[in-house]
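Worksheet: one structure, shown below.
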Amino acid sequence: MRQTLIQNYRDKGHEKVEGWGVDRELIDLIMTLDRFQSTNQISGHLCEIGVHHGRTLILLALLSRERESVWGIDLFESAQLQNIDASGSGLEAAVRKNLQQHAPSIPVNLVACNSFHLSQQNRLAIQGSRLVHIDGGHFLEVVLHDLDLAQNILGSGGIIILDDYWHSGFPEVQEAAHRFFSTATTIKAVSFMTGKNKLFLVDVCYYNPLLAFLQNTLPSDRNKRVKLLGYEGLCYDPH
């Protein structure tokens, strides 16, 4: 049942959900990362900051396993005035409808708030996340905050995906990533891949095995070696 839902969403379902960036290639890549975590008995919560209509969150829900929880954090309708960079417009009713259509019966926790104001209770609930997708506010201060939050809640073997790293309309996303890695005193996850307009980070303890896994798994035109924020990494875009 779950595999059928995943395949349906990968093949056509994602196209029916309003949003950007998530296509079959990215779904295949995230499923590959999920397979690495499963093979290495890595478990934890799946969390997204910046949900819009749920295009990525649905995939996270479909990839969740027993005893893992799924979280979507967004301003949603009640606080869109805080969305001053106009990066998406989360609609909770649309998210719930899309989840019901593409990931039925999978519990998903939706938190309507600014990530700066996430309660201590919710912070504790998402502690130990294995997959965090950042696509919230795109201003420097917001991305810095969300990167720090993701690093702090990440569990062993966890992966962080930062969206719009190469988006020319949101240059502060890349600036924030560079500033974070040049100033942060405690860094749990380091860069291992770029591509599909995203930057990928992994728990440093799993950096070497994940890189080796991807080099043996990805097609030859999607694993070009590059240098990323001080670490050897891969470029997933075709070369």
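Residue numbering for the sequence shown follows my numbering, beginning at 19 and increasing consecutively.
No residue lacks a Cβ here, since even glycine has one placed at the ideal position from N, Cα and C.
{"Query": "Which listed residue (Ala-230, Thr-203, Arg-114, Thr-235) has its alpha carbon closest to that of Ala-130", "Result": "Arg-114"}
{"Query": "In chain order, each alpha helix (DSSP H) run of at least 4 residues that lies wholly inside the segment 108 to 193", "Result": "110 to 120, 138 to 143, 158 to 171"}
{"Query": "Asp-92, DSSP secondary structure in three states", "Result": "strand"}
{"Query": "Met-211 - containing beta strand (DSSP E), residue span", "Result": "207 to 213"}
{"Query": "Inter-residue spacing [alpha-carbon to alpha-carbon] between Arg-197 and Ala-112", "Result": "35 Å"}
{"Query": "Sequence-distant residues of its chain with Cβ nearer than 7 Å to Ser-133 (five each side left out)", "Result": "Ile-67, Ile-91, Gly-154, His-163, Asp-164, Leu-167"}
{"Query": "Secondary structure of Leu-247, DSSP reduced to three states", "Result": "coil"}
{"Query": "Extent of the continuous beta strand (DSSP E) to which Glu-66 belongs", "Result": "63 to 67"}
{"Query": "Arg-288 versus Leu-51, Ile-124, Gly-187, Leu-47, residue with shortest Cα-Cα distance", "Result": "Look at the range of the chain in this structure, 19 to 257, and you will see that residue 288 is not part of it."}
{"Query": "Burial state of Gly-187, where buried means 16 or more other Cβ atoms lie within 10 Å", "Result": "exposed"}
{"Query": "Distance CB(Cys-65)-CB(Ile-144) smaller than 9 Å", "Result": "yes"}
{"Query": "Gly-248 burial status per 10 Å Cβ neighbour count (16 or more: buried)", "Result": "exposed"}
{"Query": "Close beta carbons around Gln-139, own chain, < 7 Å, minus the five adjacent residues each side", "Result": "none"}
{"Query": "Residues that DSSP places opposite Val-220 in a beta bridge", "Result": "Ile-177, Val-208"}
{"Query": "Simplified DSSP state of Leu-236, which is helix, strand or coil", "Result": "coil"}
{"Query": "Distance between Glu-110 and Ala-97 (C-alpha atoms, nearest Å)", "Result": "With a pLDDT of 49 at Ala-97, under the threshold of 50, the modelled position of this residue cannot be trusted, and the question is left open."}
{"Query": "Collapsed DSSP secondary structure at Gly-31 in the structure displayed", "Result": "helix"}
{"Query": "Buried versus exposed, by CB contacts within 10 Å (16 or more), His-120", "Result": "buried"}
{"Query": "First and last residue of the uninterrupted alpha helix (DSSP H) at Met-49", "Result": "42 to 57"}
{"Query": "Exposure label - Arg-83; buried when at least 16 CB within 10 Å", "Result": "exposed"}
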